[in-house]
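Q: Before we start, here is the structure in question, set down as structure tokens.
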Amino acid sequence: MENIIKSPTCVGSRELEAAVVQVLRSRANPQPHVVRLADEQAISELRAMRVPRQGRPLDAVIDEMVEKVYHHRAQADHPRFFAFVPGPASALSAIGDLLTAVYNPHAGNWLESSGPSCIEQQLVKWLADQLGLPESSGGLFVSGGSMANLTALVAARDQRLPAQERAKGVAYVSEQTHSSVAKGLKIIGFLPDQIRRIKCDSKFRLDVDALAAAVAEDKKGGRLPFAVIASAGTTNTGSIDPLPEIRSLCDREKLWMHVDGAYGASIAVSPLYRHLLKGIEEADSISWDAHKWLFQTYGCGMVLVRDGSLLSASFHTRPEYLRDTETDEGQVNFWDLGIELTRPARGLKLWLTLQVAGSDAMAHAIEHGFQLAQWAEEELRQHQHWEIVTSAQLAIVNFRYAPGGLSEAKIDALNKAVAQRALRDGFATVLTTELHGRTVLRICAIHPDATEDDIRETVRRLNAYAVSEARGFTQA
Ligand SMILES: Cc1ncc(COP(=O)(O)O)c(C=O)c1O
């Protein structure tokens, strides 16, 4: 019988190396079909697999997993994956992840992880500096934007809402705030009517006058406004809320200001574009995803707070079995700053990436995304019947094919059909979202290896699908 803990004797096998090297190389030389959905046959083979009582040779299991399991996936790191927020993970990040997985430090406390924790501390400081946060700031690496938002919302609640008055609390989001914020508020006990959705202006930014009016109305009604959640880079359009104005209102009303920068905070690394985030340096807390626009493999987000001591006010615990891990000045037990006790050292892969590539290369790679979306918009403008719904902004552009003579409902259906055609064709992945109640196509282009040709050819193909799909719609 295999010993489950001891290293298997065949580590270093050709199959393991080949699997890892092959997937790293495939990043430089991406596979054709961007999304590989398992067909019925593949799914029935997967469902027929069982957990064996007796183990099997490592090589055979790796082969099987590479061919039958990992193969069937969307390559969110493909240069022409333009849906959702792509995950164009750098090979360096994958190597960092691999190292962290094999060393497997328990990065919850200093005693077990002094080296990795020290590096994560330095990275948190570097990230805070990019955003212009003060010396007092702090934070930690978490699994992603949802956890970062949840962590910050706990701090906001604890700082601005007396425990006995939680039922009266109100938090403010916009129509474009990511769903993870409302989810986080729900998880920590707020009811739907304690989450006010404020309308946006024509550019999909939170309308500060409407926010002020809602706060005033709620106060008059005896409720307790406690937090505003602004966005720096909304998922749909890349819009950035008017952060300085929101800060002024929060100061006046003594509200916590959280900025969800899961997508957009990365532009702080670019000297060319960081000015767009003006005001973020005044936030009380910020979410930022490294597995989005800092090119990390999944499971790498950050939550930063203006006053680093506030996280521990919410999350510190001291059970008897952990008392030997007390820290000295300058040391940190990350389990005291967030939700997780046991946690991997998620920041190390970002450290490895930045050490090897340098922050200039990171900035350059981020700036490329802005250019890609501009090329997409430029190409769209050269074809008939395409409406630009939101112009290129933070690497995102929204558009729709709207030939004359079709009802709005049919135009919605037509644009959905175009996205499905693109999915079947497999050249590029472009999906839909909804803006102002209408279905639109959306490109989010942040892959540093995507070229002008990739973008222009994608738009040309979308145009060809649209022209051909539209025939069916006019006849219907
Ligand atoms: C603006 C924004 N906030 C939060 C999230 C949630 O992040 P995660 O998927 O890492 O939990 C996303 C994900 O796309 C996002 O775009």
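867 is the number of the first residue of the sequence shown in my numbering; add one for each residue after it. From the three backbone atoms N, C-alpha and C, an ideal C-beta is built for every residue, glycine too.
Alpha carbon to alpha carbon, how far is C1304 from S1334?
A: Along the sequence shown, read from residue 1 onward, the residue named residue 1304 stands at position 438. Along the sequence shown, read from residue 1 onward, the residue named residue 1334 stands at position 468. In the sequence as displayed, the identity of residue 1304 is Arg instead of Cys. Approximately 21 angstroms between the Cα atoms of the pair.
Q: Just to confirm, are L1216 and L1160 a CB contact at a threshold of 8 angstroms?
A: As a first step, residue 1216 is located in the sequence shown; it is residue number 350 there, counting from the start. As a first step, residue 1160 is located in the sequence shown; it is residue number 294 there, counting from the start. Against a cut-off of 8 angstroms, the Cβ pair of L1160 and L1216 comes out as a contact.
Q: Are the CB atoms of A1048 and V1169 within a distance shorter than 8 angstroms?
A: Within the sequence shown, numbered from 1, the residue matching residue 1169 stands at position 303. Within the sequence shown, numbered from 1, the residue matching residue 1048 stands at position 182. For V1169 and A1048, no; Cβs fall outside 8 angstroms.
Q: Skipping 5 residues on each side, what residues in its chain have a beta carbon closer than 8 angstroms to that of V1222?
A: The residue labelled residue 1222 in the question sits at position 356 within the sequence shown. Sequence-distant Cβ neighbours of V1222 in its own chain, meaning closer than 8 angstroms and more than five residues away, are L958.
Q: Would a C-beta distance cut-off of 8 angstroms place S1009 and G1235 closer than the cut-off?
A: As a first step, residue 1009 must be located in the sequence shown, where it is residue number 143. As a first step, residue 1235 must be located in the sequence shown, where it is residue number 369. No, the pair does not count as a contact, with Cβ atoms beyond the cut-off.
Q: Check the Cβ-Cβ distances between R1032 and every residue of chain C, and say whether any is below 8 angstroms.
A: Judged by its chain identifiers, the structure shown contains no chain C, having just a single protein chain.
Q: How would you write the range of the beta strand (DSSP E) that G1005 sits in, first residue to last?
A: Here residue 1005 corresponds to residue number 139 of the sequence shown, with the count starting at 1. Start and end: G1004 to V1008.
Q: Quick test of your reading: I1312 and P896, contact by CB under 8 angstroms. State the CB separation rounded to the nearest angstrom.
A: For the purposes of this step, residue 1312 is identified with residue 446 of the sequence shown, where counting begins at 1. For the purposes of this step, residue 896 is identified with residue 30 of the sequence shown, where counting begins at 1. The Cβ separation is near 15 angstroms, so there is no contact.
Q: Among K1276, F950 and G1271, which has the Cα closest to the Cα of G1104?
A: The count along the sequence shown starts at 1 and reaches residue 1104 at position 238. Among K1276, F950 and G1271, the Cα nearest to that of G1104 is on F950.
Q: Since I1277 and A1285 should fall inside the 8 angstroms C-beta cutoff, what is the C-beta to C-beta distance between them, to a whole number of angstroms?
A: Position 411 of the sequence shown, counted from the start, is the residue given in the question as residue 1277. Position 419 of the sequence shown, counted from the start, is the residue given in the question as residue 1285. Between A1285 and I1277 the Cβ distance is about 13 angstroms, and since that is not below 8 angstroms, they are no contact.
Q: How should S979 be labelled, buried or exposed, when 16 other C-beta atoms within 10 angstroms of its C-beta is the threshold for buried?
A: Against the sequence shown, residue 979 aligns to sequence position 113. Residue burial annotation: S979 is buried, with at least 16 other C-beta atoms found within 10 angstroms of its C-beta.
Q: On a Cα-Cα basis, can you pick out the residue from V886, R893, L882 and V901 that is closest to L1297?
A: Taking the sequence shown and counting its residues from 1, the one referred to as residue 1297 is at position 431. Of V886, R893, L882 and V901, the residue nearest in Cα terms is V901.
Q: Can you list, in chain order, the stretches of the alpha helix (DSSP H) that have 4 or more residues and sit fully within the region 993 to 1041?
A: 1011 to 1026
Q: Count the other C-beta atoms from every protein chain shown that fall within 10 angstroms of the C-beta of S910, then say buried if there are 16 or more, exposed otherwise.
A: Within the sequence shown, the letter at position 44 stands for residue 910. So S910 ends up on the exposed side.
Q: With 16 other CB atoms within 10 Å as the buried threshold, where does H1124 fall?
A: Taking the sequence shown and counting its residues from 1, the one referred to as residue 1124 is at position 258. Result: buried.
Q: Given the structure, does N975 come close to ligand 1, in the sense that its CB is under 7 angstroms from one of the ligand's heavy atoms?
A: By 1-based counting over the sequence shown, the position of residue 975 is 109. N975: no, Cβ never under 7 angstroms from ligand 1.
Q: Say yes only if the C-beta of A1128 is nearer than 7 angstroms to one or more non-hydrogen atoms of ligand 1, and no if none qualify.
A: As a position in the sequence shown, residue 1128 is number 262, starting the count at 1. A1128 Cβ: within cutoff of ligand 1.
Q: Could you tell me whether the region 1205 to 1219 touches the region 1106 to 1123, using the rule of 3 or more Cβ pairs below 8 angstroms?
A: no
Q: What does the alpha-carbon distance come out to for the pair A1149 and I870?
A: On the sequence shown, position 283 is the one that residue 1149 refers to. On the sequence shown, position 4 is the one that residue 870 refers to. If you take the alpha carbons of A1149 and I870, they lie about 48 angstroms apart.
Q: Let's test the definition: count the other Cβ atoms within 10 Å of the Cβ of E1344 and tell me whether it reaches 16, buried, or not, exposed.
A: Since the first residue of the chain shown is 867 and the last is 1342, residue 1344 is not available in this structure.
Q: Of the choices S1273, Q1250 and A1239, whose alpha-carbon is the least far from that of A1261?
A: Your numbering for residue 1261 matches position 395 in the sequence shown. Shortest Cα-Cα distance from A1261 to any of S1273, Q1250 and A1239 involves A1239.
Q: Excluding sequence positions up to five away, which residues of its chain have a Cβ less than 6 angstroms from the Cβ of M1228?
A: Locating residue 1228 in the sequence shown gives position 362, where the first residue counts as 1. Taken in chain order, the residues that qualify are V1135.
Q: Using the Cα positions of D1319 and R1308, report the straight-line distance between them to the nearest angstrom.
A: For the purposes of this step, residue 1319 is identified with residue 453 of the sequence shown, where counting begins at 1. For the purposes of this step, residue 1308 is identified with residue 442 of the sequence shown, where counting begins at 1. Computed Cα separation, rounded: 18 angstroms.
Q: Can you tell me whether I1054 is helix, strand or coil according to DSSP?
A: For the purposes of this step, residue 1054 is taken as the residue at position 188 of the sequence shown. In the structure shown, I1054 sits in coil (DSSP, three-state: anything other than H, G, I, E or B).
Q: Between the Cα of L1214 and those of A1098, P1028 and H1157, spot the shortest distance and give me the residue it belongs to.
A: Here residue 1214 refers to the residue found at position 348 when the sequence shown is read from its first residue. Sorting A1098, P1028 and H1157 by C-alpha distance to the C-alpha of L1214 places H1157 at the top.
Q: Say the cut is 7 angstroms; is the CB of N1015 nearer than that to a heavy atom of ligand 1?
A: To locate residue 1015, count along the sequence shown from 1; it is residue 149. N1015: yes, Cβ under 7 angstroms from ligand 1.
Q: Which word fits R1266, buried or exposed, when buried means at least 16 other C-beta atoms lie within 10 angstroms of its C-beta?
A: Residue mapping note: residue 1266 aligns to position 400 of the sequence shown, counting from 1. Under this definition R1266 is a buried residue.
Q: Since S1003 contacts A994 with CB under 8 angstroms, what's their CB separation in whole angstroms?
A: Position 137 of the sequence shown holds residue 1003. Position 128 of the sequence shown holds residue 994. 4 angstroms between Cβ atoms; contact.
Q: Can you name the residues that DSSP bridges to P1091?
A: Counted from its first residue, the sequence shown places residue 1091 at position 225. For P1091, which the question treats as bridged, DSSP gives the partners V1036.
Q: Following the continuous alpha helix (DSSP H) through D1075, name the residue where it begins and the one where it ends.
A: As a position in the sequence shown, residue 1075 is number 209, starting the count at 1. Counted as a single uninterrupted DSSP element, the alpha helix (DSSP H) harbouring D1075 occupies residues V1074 to K1086.
Q: Among all the DSSP beta bridges, which residues are the ones paired with S1153?
A: Taking the sequence shown and counting its residues from 1, the one referred to as residue 1153 is at position 287. Paired residue(s): D1126 and V1169.
Q: Report yes if the C-beta of T1101 is less than 7 angstroms from at least one heavy atom of ligand 1; otherwise report no.
A: One-based indexing of the sequence shown puts residue 1101 at position 235. T1101: yes, Cβ under 7 angstroms from ligand 1.
Q: Going by other Cβ atoms of all chains shown within 10 Å of its Cβ, with 16 needed for buried, is G1050 buried or exposed?
A: Translated into positions along the sequence shown, residue 1050 becomes position 184. The residue in question, G1050, is buried, as its Cβ has 16 or more Cβ neighbours within 10 Å.
Q: Can you say whether P945 is buried or exposed, counting buried as having 16 or more other CB atoms within 10 angstroms of its CB?
A: What you label residue 945 is simply residue 79 of the sequence shown in a count that begins at 1. So P945 counts as buried.
Q: Name the two residues that bound the continuous alpha helix (DSSP H) containing L924.
A: Here the question's residue 924 lines up with position 58 in the sequence shown. Its alpha helix (DSSP H) spans residues L924 to E930.
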